[in-house]
Amino acid sequence: MSLEKLYSYLRSYMDPESENARKRYKVLKDFFNWTVKKALLPDGKKLRILDLCAGTGIAGAALLEVLREWGVEASLTLVDKRKDDILKVEGWLNGEGEVYGAIMDCLDDLEKLGEFDVVLLWGSTMPHFDPYQAADLFTNVSRILSPLGAFMVEETDRFGAFFYKRAYREIVPEVRKGDCTVVSLDEGYDPLRGVVVRGYYKLPGWEKIGEVKTRYWDLAGLAGMGKLVFEEARIITRKEHGTAGVGDVIYFRNPKVQRA
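In our numbering, the protein residues as written are 77 to 336.
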C-alpha cells in the first residue's frame, strides 16, 4: 500500500503554504540560534548540512538561514523519497542558498553524497525505524559525518509517555482535513522487529488510506545505540533548550566509524 495518499493528509505541518508550518519554521530558527550560541555546531567558514527524511526541508532550511544570519556560509542537501516534498524547499528560502536534493532512502549509501558537518533528522521521525534499521541509520550517518561534526535527532520519549504514564491509545484521531477525519488503529505487534502496526482510516466511511509500522522509542535507548558509533551521545531536553515547539534532541558528535 502506497504511503503517498496517507502523507497527503498528515504532512501539512511542513508545507510552506501552511500558516502553522510557517510558525514552526520560526520556532526552528529560534532553536538553531540557541545551538549556535551554545557552540553545539562545528566551527568553520562553510558548513555542509544534510537533512535526512527531510520532507520539505523545513529544518535544514531553518538552520541554513540561521547560519547565513551569523555570517557562516553553508550548503544544504536534502534526502527524502518524495520528490514533490523536496521541491517545496524553495518556499522557505526563496531561491537563496546552495541547496541540493537527493531522492533516496536514508538507509541507502549516503557516502556517495560526500561528507557533512551537520546532519539533521527532524520531526520525530525515528518511529519509522525498527531497531535493526536504527542501528544501520546511525552507522550510515557516522560514515559521512566530518570528524568534529554533529548529528541531531529531534524526538520524544514515547515509551515513557505511553507505558509509564499510560497515555497509549489504541484508536487515535490524527488529523481533521476538510470534511473528513483521519484516525489510526492498533492492528498488531511484530515481536521480531519490535514494531506496532498502525492502520490509518478516513472517516466517514472507514476507507483505509495507509499502514505504518511504528517503533515506540525511548530517548535513552536511541542515545545508547548511537554511543556505539559516536564518541559523544547525550540528550538535550526541552527544558534545557527552552524552545517551545521543539522536542527533546538527541545530540551526537565525533564519529567512531571509519569511512569505507
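Even for Gly, the Cβ is constructed at its ideal location relative to N, Cα and C.
Judged by their CB atoms, Val259 and Tyr244 are not nearer to each other than the 8 Å cut-off. For Thr215, the enclosing alpha helix (DSSP H) starts and ends at Pro207 to Ile220.
The three-state secondary structure of Pro223, taken from DSSP, is strand. With fewer than 16 other Cβ atoms from the protein chains shown falling within 10 Å of its own Cβ, Ala115 counts as exposed. Per DSSP, the continuous beta strand (DSSP E) segment holding Glu307 begins and ends at Phe306 to Ile312. Taking a C-beta distance under 8 Å as the contact criterion, Val271 and Thr290 qualify as a contact pair.
Between the segment 171-187 and the segment 149-163 there are three or more C-beta pairs closer than 8 Å, enough to call the two in contact. When C-beta atoms of the segment 307-315 are compared with those of the segment 199-206, fewer than three pairs fall below 8 Å, so the two segments do not count as touching.
Annotation for Gly323: Ser200, Glu230, Glu231, Thr232 and Arg314 place their beta carbon closer than 8 Å to its own, counting only its chain and skipping 5 residues before and after.
Gly321 and Leu104 have their alpha carbons spaced roughly 8 Å apart. When the alpha-carbon of Glu246 is set against those of Arg274, Arg252 and Gly147, the nearest one is in Arg274.
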